[in-house]
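Sequential numbering of the sequence shown, starting at 673, is according to our numbering. Read the structure below first, then the notes.
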Amino acid sequence: MRVAYCFIRQLLLLVFEVPIVFWFMAKFKANALKPDHPWITGKRISAVAQGDAIWRHNIAFRSPSKYPESMDIEIVEKTGQFLAKMVSRSISVEEIPHGPQRRMPHAVNYLHGAVHYNGVFLIFDDFLDLIGHLSNDQFRAEVLKLGRKEQREVTFLLRVRDYDPLEFAYCVGAVRAYLPWFSNGNGPTKKPVLWGNMAPFPAINLINGSWIADMKLLLKGNVRDIVRPALGTTQYFSGAQYAPQQTRFSLVDKLLAWYMYTDVRARGFRGQLFFTNRSKIEPQRRAQFDQQGGYWRWVACHKVPFPLAFSDIRFGWLALKRAFKSSSS
């Protein structure tokens, strides 16, 4: 029931948010922000802050780890700088045309400011560490409480850069099975994972819709109120130990990952680029797409195989038949 609820709510959230993104895309032009705006520099603006970067102050949770805190600060700051650079692509003296140098529309670039500057970060060792925490009811309730009460976008970050993309896909499936928010897996692999894109460290962005309020303010020209203060010390995740309820990827996680993979693959050359015309930004790869058979043979993300073999399906069907006959007798 939980998985069904999360799946349906994610679809409803997608139906609600996608038209809003397209509306913003039609409204926003270049240079809606100045080059020294915090969404581009990442700097705090309070008198106490003295211009230091905000990202380390927006870390809401760090899982127990052998790695030092300094590594987590490096991870979150490199991620924040990467996203801030995306915002900066829509800020220039001469507008960068939509193409290889500016892959995203202006509105999509701007909304990354709400994600990296106003958002919060939770850091884990690896995929199973993340799923172990998320499977704990108390921890999951804290994540939902954090996003809803603070009205901020939430991002999961991982400390390891060397990983199996298939495990990453399964992890995204598990996150979608546990949380009702839309989520994408971004990382440093050559090919993206499912709906994800390039990022300096593995990251799963939980899109809960908090960015919409910031974008509305920006559209009105209110560039001051979109700068949220640092999260700082909070009452969330207050020293509790979260025992994992799940220690490996389930069949449901794998099925959800496979479903997302088929969804991306069915979109042909456009792939996982939902708001961008891939033919416009990667014209050189269009020939590769056509040479490899197009539509079903070419895919822009890592492959996720169907998690069940024919023998598994046949065994399950026979078991259901036996159970039905037993109950009937």
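All C-beta atoms in this analysis are idealised placements derived from N, C-alpha and C, irrespective of residue type, glycine included.
Between the beta-carbon of residue i and the beta-carbon of residue j, is there less than 8 Å?
| i | j | result |
| --- | --- | --- |
| residue 1013 | residue 763 | For the chain, the structure presents residues 673 to 1001; residue 1013 sits outside this window and is missing. |
| residue 779 | residue 854 | no |
| residue 732 | residue 818 | yes |
| residue 870 | residue 696 | no |
| residue 735 | residue 805 | yes |
| residue 825 | residue 882 | yes |
| residue 830 | residue 796 | yes |
| residue 902 | residue 709 | no |
| residue 789 | residue 726 | yes |
| residue 852 | residue 994 | no |
Could you compute how far the alpha carbon of residue i sits from the alpha carbon of residue j?
| i | j | result |
| --- | --- | --- |
| residue 898 | residue 963 | 46 Å |
| residue 921 | residue 980 | 14 Å |
| residue 745 | residue 685 | 31 Å |
| residue 958 | residue 811 | 45 Å |
| residue 828 | residue 748 | 10 Å |
| residue 992 | residue 924 | 18 Å |
| residue 856 | residue 997 | 43 Å |
| residue 842 | residue 974 | 12 Å |
| residue 813 | residue 913 | 14 Å |
| residue 809 | residue 816 | 11 Å |
| residue 757 | residue 724 | 17 Å |
| residue 939 | residue 707 | 36 Å |
| residue 944 | residue 690 | 14 Å |
| residue 714 | residue 783 | 14 Å |
| residue 798 | residue 859 | 13 Å |
| residue 687 | residue 880 | 13 Å |
| residue 928 | residue 673 | 15 Å |
| residue 800 | residue 900 | 32 Å |
| residue 820 | residue 956 | 43 Å |
Just confirm the distance between the C-beta atoms of residue i and residue j, as a whole number of angstroms; I'd bet it's less than 8 Å.
| i | j | result |
| --- | --- | --- |
| residue 884 | residue 692 | 6 Å |
| residue 874 | residue 840 | 6 Å |
| residue 866 | residue 844 | 6 Å |
| residue 704 | residue 890 | 6 Å |
| residue 972 | residue 863 | 7 Å |
| residue 918 | residue 807 | 4 Å |
| residue 950 | residue 937 | Not a contact, Cβ separation roughly 14 Å. |
Quick one: give me the first and last residue of the beta strand (DSSP E) that residue i is part of.
| i | result |
| --- | --- |
| residue 734 | 731 to 734 |
| residue 796 | 792 to 796 |
| residue 934 | Unbroken run through residue 934 is the alpha helix (DSSP H), 923 to 937; no beta strand (DSSP E). |
| residue 815 | Here residue 815 belongs to no beta strand (DSSP E); instead the alpha helix (DSSP H) covers 809 to 822. |
| residue 830 | 826 to 830 |
| residue 854 | 854 to 858 |
Would you mind reading off the limits of the alpha helix (DSSP H) that contains residue i?
| i | result |
| --- | --- |
| residue 747 | 741 to 760 |
| residue 679 | 674 to 699 |
| residue 846 | 837 to 850 |
| residue 779 | 778 to 788 |
| residue 875 | Element bounds for residue 875: not the alpha helix (DSSP H) but the beta strand (DSSP E), 875 to 879. |
| residue 893 | Taken as a continuous stretch (DSSP letters only), residue 893 belongs to no alpha helix (DSSP H), as it is neither H nor E. |
| residue 804 | 799 to 806 |
| residue 962 | 955 to 963 |
Using 8 Å as the limit for Cβ to Cβ distance, is residue i near chain D?
| i | result |
| --- | --- |
| residue 914 | Absence of chain D from the displayed structure is noted, only one protein chain being present. |
**OP:** Please confirm if the stretch 848 to 855 is in contact with the stretch 915 to 935, defined as three or more CB-CB distances below 8 Å between the two stretches.
**Re:** yes
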